[in-house]
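Residue numbers (this note's numbering): 4 to 84.
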């Protein structure tokens, strides 16, 4: 299953909501591969396509700039299966 990459940053005012969304998806569908990448961590490389946070990247493409709905995230993986 293709992972979802979620880019966040410590100075992002809406990233707390992002982490809640990720936790909700993981609680409902723990097998869904989601990787949260904190761009504020030393040594973290920011992909060229990521210019703000939160950014959701799936299959090499930006899925969402800002937070999508929980339903959008759940359907993303369901549609792939």
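The beta carbon of each residue, even a glycine, is placed where N, CA and C say it ideally should be.
- Within 10 angstroms of the beta-carbon of residue 60 lie 16 or more other beta-carbons, which makes it buried.
- Taken atom to atom, the span from the alpha-carbon of residue 47 to that of residue 38 is near 13 Å.
- By the CB criterion at 9 Å, residue 36 and residue 4 fall inside the cutoff.
- Assigned with DSSP and collapsed to three states, residue 75 falls in helix.
- Cα atoms of residue 23 and residue 52: separation of roughly 24 Å, rounded to the nearest angstrom.
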